[in-house]
Structures are given as C-alpha cells and as structure tokens.
Amino acid sequence: MLPQEIIRRKRDGHALNTAEIAQFVQGLTDGGWSEGQVAALAMAVFLRGMGRDECVALTHAMVHSGRVMAWPDLPGPVLDKHSSGGVGDKVSLMLAPMVAACGGYVPMISGRGLGHTGGTLDKLAAIPVYNATPNTAHLDRVVREVGCAIIGQTADLAPADGRLYAIRDVTATVESVPLITASILSKKLAAGLHALVMDVKCGNGAFADSRAMADELAHSIVAVANGAGLKATALITDMNQVLGHTVGNALEMREAMDYLTGNGAREPRLHAVTLALGAEMLVLGGLAANTQAAHSQLQTALDSGAAADRFARMVAALGGPADLLERPDVYLTAAPVVMPVPAPRTGILTSLQTRDIGIAVVELGGGRRQAGDAIDLRVGLSAVHALGTPVTKGEPLAFIHAADQASAQRAVAQVQAAVHIADAGTPWQAEPCVMATVAGSTLGVAA
Ligand code: URA
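Residue numbers for the sequence shown follow my numbering, beginning at 43 and rising by one.
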C-alpha cells in the first residue's frame with residue numbers, strides 16, 4: 043500500500059492492521075518513507091490515537107527493526123529503568139551504576155533530548171570522547187565487566203525508533219501515549235532486559251501533564267511490556283518542578299557525579315525518586331526481598347563508594363577519561379556567561395511553569411529546534427530553588443549558564459516569568475515525589 047494511503051486511513055480514524063504498521067516501520071528503517079510522510083503519520087496517530095493491538099504491533103515491529111540482544115549467561119538479572127522525560131531528570135546517570143553495584147546488569151539504551159525535556163544521551167555527550175555507540179562486542183564486554191553501560195541507540199538497536207524519535211522531537215508529536223509506549227519499549231525489548239521500571243513523569247514539566255494521562259501511559263507501558271514477556275512496574279513521579287537543582291547537559295552531569303561521590307548535599311527529591319526507582323529494580327530483579335531492604339542496599343552502594351566506582355569504570359571502559367570523577371572541572375566545559383535570576387518579589391516559591399524552564403534551556407542552545415541541530419552542552423540553569431523555598435526580592439532563584447549576554451538575559455526573563463512567588467506565610471504543600479505505583483502482572487512473564 044502507498045504510504046499516503048496508510049496515513050490517510052489513520053488520519054480518518056481507522057485502526058491500522060499489523061501489515062500496515064509493519065510497512066510503516068520498514069519505511070522508517072530503510073528510508074522508504076520520507077520525513078514528511080513519517081511526520082504526517084505521527085501527527086495522525088497523535089490526533090487519532092491507537093488501540094492496544096496497534097500499539098503492540100508498532101512496538102513489536104520497532105523492536106525487530108534491528109538486532110535484539112540476549113544475555114543468557116550473566117550471573118545476575120538484566121534490569122533497566124526508563125523515564126518518560128522531564129526537566130532536570132538525571133536519575134539514569136546515577137541509577138545504572140547504583141544498581142550495578144547491587145548485583146544487577148544494566149545495558150541502558152538512552153535517548154536524546156525530546157521536546158522541552160532533556161535526554162540522558164545528550165548529558166553523556168558532555169563527557170569528552172565517551173563512546174555512546176559502542177559495537178555489540180564492546181557493549182557486551184562493558185556490561186559483563188562493569189555491570190552497566192549507558193549508551194545511545196546504536197544503528198542496529200531499534201533503529202526505527204531512532205528516526206521516529208528525531209522526527210517527533212521537532213514536529214510536536216511527542217505527547218502521544220502509543221508513540222511514547224512503542225518508543226520506550228522498542229529500545230528496552232531490543233536490549234534483552236529481564237525487568238523494567240518505568241518512571242512516568244507527571245506534571246507541568248512532563249509529557250503527561252495530567253494525572254489521567256500519566257495513569258494511561260503507566261498502564262499502557264506495563265501492559266504492553268508484560269504482553270511482550272517483560273516484567274515491568276511503573277512509578278508515577280512528580281514533575282511539577284525541576285528534579286534536582288540543575289538543568290542542562292554538562293550541569294546535570296556534574297550534579298549526577300556529585301550525587302555519586304557525595305560531594306555536596308543530594309537534593310532530597312532527586313534522592314527520593316532515585317531510591318524509589320532503584321528499589322523497584324532490585325525487587326523486580328530478585329536482588330532484594332522488599333523495597334526497604336533495597337533502599338538500604340542502594341544507600342550502602344552510595345556510601346561505600348561502590349556506585350561511584352562503577353560509574354568511573356563505565357566511563358573509562360567506554361573511552362572517557364579515567365579521572366573524570368576526580369577532575370570534573372577539567373573535562374566538563376563551563377559556559378562563558380553565568381548570570382543570576384533575581385527573585386522579582388519577596389515571598390514563597392509556590393509553583394513553576396516547568397515546561398517553560400525546559401524551553402528556556404532549549405532556546406539557550408541546550409536542546410534542538412531541528413532534528414540534526416548541534417547543541418551547546420555548557421548551557422542551562424544551576425542552583426534552582428525547590429518549591430516551598432522562602433525567597434527575598436533580588437535573591438538569585440537560579441543561575442543561567444549561557445553562551446553570551448543576550449541569550450542569558452532572555453533566559454533570566456523567561457525564568458522570572460515561569461515562577462510564581464506567593465505572599466510569605468501562604469500555606470503550601472509539596473506534591474509527593476512518588477505519586478503512585480502501577481505494578482505489572484506476572485502472568486505470561488518469564489521468571
Ligand atoms: N522517552 C522515549 O524514549 N521515547 C519517548 O517517546 C518519550 C520518552
């Protein structure tokens with residue numbers, strides 16, 4: 043069937059059959075579908091949705107657009123976590139080595155920034171000469187020897203998602219439950235996991251900006267994963283403010299490294315979300331009897347330096363500097379302009395337009411306007427205040443890191459417009475970091 047006929051059927055609200063979906067994925071992979079045709083179908087899916095069967099077929103076809111890995115002879119479970127995308131979400135960078143230090147094996151296939159959200163792969167690009175696209179033999183060796191490897195999509199792992207993801211990023215077709223489900227699960231199933239913990243971000247900085255959409259996404263991912271034989275649990279976590287105190291690629295990498303080494307305080311919400319996700323991974327993988335035991339195993343991995351050691355070994359094994367943790371300032375390039383964002387009034391910080399913060403970072407050059415754009419890894423925000431913090435007029439709410447004065451000034455105005463400061467003493471209640479857990483069924487899932 044012609045691509046335009048398939049697009050037309052979805053545009054008119056029909057369910058696509060398995061053959062039509064397979065044809066789309068084939069065209070995505072071999073370039074038989076143009077960028078315009080892919081974008082048109084993505085928009086039709088965004089507007090018309092997909093049924094569960096279509097989503098399963100799309101996921102299946104995308105998994106098999108490339109190689110599917112298997113790890114039959116590893117001594118521990120093969121685990122991963124994936125986030126649906128947020129602002130300041132650097133959890134993967136810490137969690138992979140923490141779980142490896144607890145006995146899991148984590149081949150983590152991460153993505154680039156998408157829309158207003160950051161991507162782990164872009165954060166990794168801040169490490170000089172880190173090879174995020176190792177060949178199969180190299181990836182296999184690093185996972186076996188170190189226990190974790192955070193990499194990008196190689197040309198042979200779910201290549202269909204690689205192209206679709208880049209096109210969705212710049213065509214406003216990201217916030218679609220079936221497209222997000224298939225995108226995430228195609229990478230995870232291709233990596234040969236035994237269990238997946240999904241972090242479904244919910245709030246004004248997430249693609250799922252309502253609780254209803256977060257629930258739908260969490261259930262969709264868990265159900266499609268279970269249907270494909272993968273154990274999965276989803277946590278719905280708060281994304282109504284920046285996670286941690288930095289946004290931007292090199293700045294987030296630095297925060298993640300400091301978190302691992304214990305250099306400076308761990309931002310409490312970031313720590314809570316990291317431990318919650320890690321605990322689910324250890325329990326699903328059979329490495330801890332319950333979440334309480336898992337928390338203490340993860341904390342020990344941090345306190346003993348074992349997690350930091352795994353991170354350092356992973357970086358070195360993938361070609362990065364062996365002394366990155368000891369000498370971060372040598373390797374992580376700083377932006378030339380650093381400008382405070384003065385609080386426009388005295389009071390208490392009660393809400394943040396978190397998506398606008400992500401957009402401000404994209405506009406500083408930290409994200410892409412078009413699929414092939416180069417990004418400026420140095421730019422972003424640091425020392426971002428958490429909600430609930432009392433502030434005095436003129437005090438910095440955060441610092442902008444920019445390539446030049448003009449873009450820094452624009453970002454200052456954007457951040458000021460994104461915060462809401464209520465009168466001092468206004469009652470304010472934080473959202474819980476973990477809002478809900480969606481546990482999977484183990485029916486039909488291999489132990
Ligand atoms: N993360 C992904 O890998 N894909 C999406 O579509 C959204 C978040």
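Just so you know, even glycine gets a beta-carbon here, dropped at the ideal spot from N, CA and C.
Check: Reduced DSSP secondary structure (H/G/I, E/B, other) of Cys97; Outcome: helix
Check: For Gly422, the residue or residues it bridges with in DSSP; Outcome: His443
Check: Completely contained alpha helix (DSSP H) runs for the region 188-246, where each covers 4 or more residues; Outcome: 201-211 and 219-232
Check: Straight-line Cα distance separating Thr60 from Glu96; Outcome: 7 Å
Check: Endpoints, the alpha helix (DSSP H) within which Ser107 is located; Outcome: Ser107 -> no alpha helix (DSSP H), and no H or E assigned at all.
Check: Rounded distance between the beta-carbons of Met150 and Cys190, thought under 8 Å; Outcome: 7 Å
Check: Leu485 - DSSP class collapsed to helix/strand/coil; Outcome: Confidence is the limiting factor: at Leu485 the pLDDT is only 42, short of 50, which leaves the residue's position unreliable and the question unanswerable from this model.
Check: Own chain partners of Ala455 with C-beta closer than 6 Å, once the 5 adjacent residues on each side are dropped; Outcome: none
Check: Extent of the continuous beta strand (DSSP E) to which His462 belongs; Outcome: Val461 to Ala464
Check: Heavy atom of the ligand URA within 6 Å of Ile499 beta-carbon; Outcome: Residue 499 is absent from the structure shown; the chain starts at 43 and stops at 489.
Check: Rounded C-alpha distance that separates Asn282 from Met43; Outcome: 44 Å
Check: Buried/exposed call for Leu485, threshold 16 Cβ in 10 Å; Outcome: At Leu485, the pLDDT of 42 sits below 50, so the modelled position is not reliable; the number obtained from the coordinates is stated separately. The residue in question, Leu485, is exposed, as its Cβ has fewer than 16 Cβ neighbours within 10 Å.
Check: Gly153: CB within 6 Å of a non-hydrogen atom of the ligand URA; Outcome: yes
Check: Simplified DSSP state of Tyr373, which is helix, strand or coil; Outcome: helix
Check: In DSSP terms, what Lys273 is bridged to; Outcome: Ala237
Check: Option in Ala466, Gly55, Val357 and Ala256 with minimal Cα separation from Leu89; Outcome: Gly55
Check: Closest by C-alpha distance to Ala168, when choosing among Arg210, Arg296, Leu181 and Val141; Outcome: Arg296
Check: Per DSSP, cross-strand counterpart(s) of Tyr147; Outcome: Val120
Check: Exposure label - Val325; buried when at least 16 CB within 10 Å; Outcome: buried
Check: Residue of Ala103, Ser225, Gly422 and Ala233 minimising C-alpha distance to Pro378; Outcome: Gly422
Check: Backbone secondary structure at Pro382 - three-state DSSP; Outcome: strand
Check: Rounded separation between Ser107 and Gly78 - CA only; Outcome: 20 Å
Check: Same chain only: Cβ atoms within 6 Å of Ala237, ignoring 5 sequence neighbours per side; Outcome: Leu121, Lys273, Leu326 and Gly327
Check: Distance CB(Met127)-CB(Thr159) smaller than 7 Å; Outcome: Note that residue 127 corresponds to Gly in the displayed sequence, not to Met. Yes, the pair counts as a contact, with Cβ atoms nearer than the cut-off.
Check: Integer-rounded CB distance, given that Met356 should sit under 8 Å from Pro139; Outcome: 6 Å
Check: Heavy atom of the ligand URA within 6 Å of Ser252 beta-carbon; Outcome: no
Check: Contacting residues, own chain, Cβ-Cβ under 6 Å from Ser393 (five flanking each side not counted); Outcome: His462
Check: Given Ile192 as reference, the closest of Tyr147, Ser225, Pro220 and Ile209 once Cα atoms are compared; Outcome: Tyr147
Check: Range of the contiguous beta strand (DSSP E) that encloses Leu394; Outcome: Gly389 to Leu394
Check: Near the ligand URA: Ser225 beta-carbon under 6 Å from a heavy atom; Outcome: yes
Check: Whole-angstrom distance between Phe353 and Gly362, CA atom to CA atom; Outcome: 11 Å
Check: Limits of the unbroken alpha helix (DSSP H) element including Pro45; Outcome: Pro45 to Arg53
Check: Beta-carbon separation (whole angstroms), Val188 vs Ala359, contact threshold 8 Å; Outcome: 5 Å
Check: N- and C-terminal bounds of the alpha helix (DSSP H) containing Leu302; Outcome: Asn291 to Thr303
Check: Whole-number beta carbon distance between Leu199 and Ala233, since they are thought to touch under 8 Å; Outcome: 7 Å
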